[in-house]
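First the structure, in the form of C-alpha cells, and then the observations on it.
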Amino acid sequence: MKAKIVTGALAAAVLAVTSGTASATTSYWVRVAGHFSPPNAFVASSALTYDKELVPPASSIQVAQHGTDSGMTVSMRVEGLVPGHKYGAHVHQKSCGADPEAAGGHYQNVVDPKRVTAENELWLDFTADADGNGRAQVHKSWGLRPGGAGSIVIHDKPGASGDRVACFSVPFTSIS
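According to mature numbering (1 follows the signal peptide of the UniProt record, and there is no 0), the stretch in the sequence shown is residues -24 to -1, 1 to 152, in order.
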C-alpha cells in the first residue's frame, strides 16, 4: 500500500491511498476548516460571510470529502450560527469571492441548467441547534469532475433558492 499526503493553499490534507494490485481501489480524503469573516476583512479567509447576522464573523465550518471508485460522501459541520434557523447549503462550481455570485451555480453531476434537484447535486441543508451548531452529510454513487466544484455556499433558507449568506472555498478532489 502506498500513501501520499499533499498540502494545499488552504492547508488542507489530501490523502490518496492505492494498492499495488490490478484490481486496486483508490480512495481519497479532503478535510478543511475555517472561520468566517467578511470579504473586506484585514486578514483574508477562505470562509466568507455575506450576512453577519445569519453567519456571524468567527463562526466556523468544517468540511470533509471521502471518495472511492464507487462514490463519495461530503459532510459539513458549522458552529456559531443562529440557533433554530433553517439553512440551505450546496456544493458550488467555483471558489468564493467578495461577490456572493463568484461561486457560480450549484455543482451538478449531469449538467442541466433547467433542473435543480437534490438527486443531481450535493445538498447539505441543515437546521442550527440551540447552540447554533449544525451538520449535514450527503452520499452519492458518483464523484466530482476534475475542477468542477470549488466551494460550499450557505443560503438563508433550505432548498434550491435563497440568498447566499456565506461561502467556504474547498479544494474538492476527484478520481481521474
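Cβ coordinates follow ideal geometry from the N, Cα and C atoms, glycine included.
Open item on the list: Judging by CA-CA distance, which residue of P15, T93, E29 and D88 is the nearest neighbour of residue 155?
Closed with: Residue 155 lies beyond the residue range present for the chain, which begins at -24 and ends at 152; the question has no answer from this structure.
- [ ] Compare the beta carbon distance of A125 and V146 with 9 Å and say whether it is the shorter of the two.
- [x] yes
Task: Close Cβ partners of K70 (< 6 Å) along its chain, the five nearest in sequence each way excluded - done: A79, G80 and G126
- [ ] Return the chain-ordered list of same chain residues with a C-beta closer than 7 Å to the C-beta of P33, the five sequence neighbours on each side being excluded.
- [x] F12, S13, P14 and T25
Open item on the list: According to DSSP, simplified to helix, strand and coil, what is A78?
Closed with: Note: A78 maps to helix in three-state DSSP.
Task: Close-in-space but distant-in-sequence residues of the same chain around H115 (CB under 6 Å, 5 per side omitted) - done: Annotation for H115: T49 place their beta carbon closer than 6 Å to its own, counting only its chain and skipping 5 residues before and after.
TODO: Alpha carbon to alpha carbon, how far is T44 from V8? Give it in angstroms, no decimals.
DONE: So the alpha carbons of these two residues sit roughly 19 Å apart.
Task: Beta bridge counterpart(s) of H66 as assigned by DSSP - done: W99 and V129
TODO: Please state whether DSSP places G10 in a helix, a strand or coil.
DONE: strand
Open item on the list: Tell me the residue span of the beta strand (DSSP E) that contains F144.
Closed with: R140 to S145
Task: Straight-line Cα distance separating A65 from L120 - done: 17 Å
- [ ] Please confirm whether Y63 and H131 have their CB atoms less than 9 Å apart.
- [x] yes
Task: From V129, S51 and K28, residue whose alpha carbon lies closest to that of E77 - done: V129
Task: Proximal residues to V19 (C-beta, below 8 Å), its chain only, five neighbours per side dropped - done: S13
Task: Residue nearest to P89 in terms of C-alpha spacing, selected from S51, T1 and A136 - done: Out of S51, T1 and A136, A136 has the C-alpha closest to the C-alpha of P89.
Task: Distance, D27 Cα to T2 Cα - done: 39 Å
TODO: Decide if T(-4) is buried, meaning its Cβ has at least 16 other Cβ atoms within 10 Å, or exposed.
DONE: The predicted position of T(-4) is uncertain, since its pLDDT is 38 and thus under 50; a value taken from the coordinates is nonetheless stated next. Flag for T(-4) reads exposed.
Open item on the list: Classify W99: buried if its beta carbon has 16 or more other beta carbons within 10 angstroms, exposed otherwise.
Closed with: Buried: at least 16 other Cβ atoms inside 10 Å.
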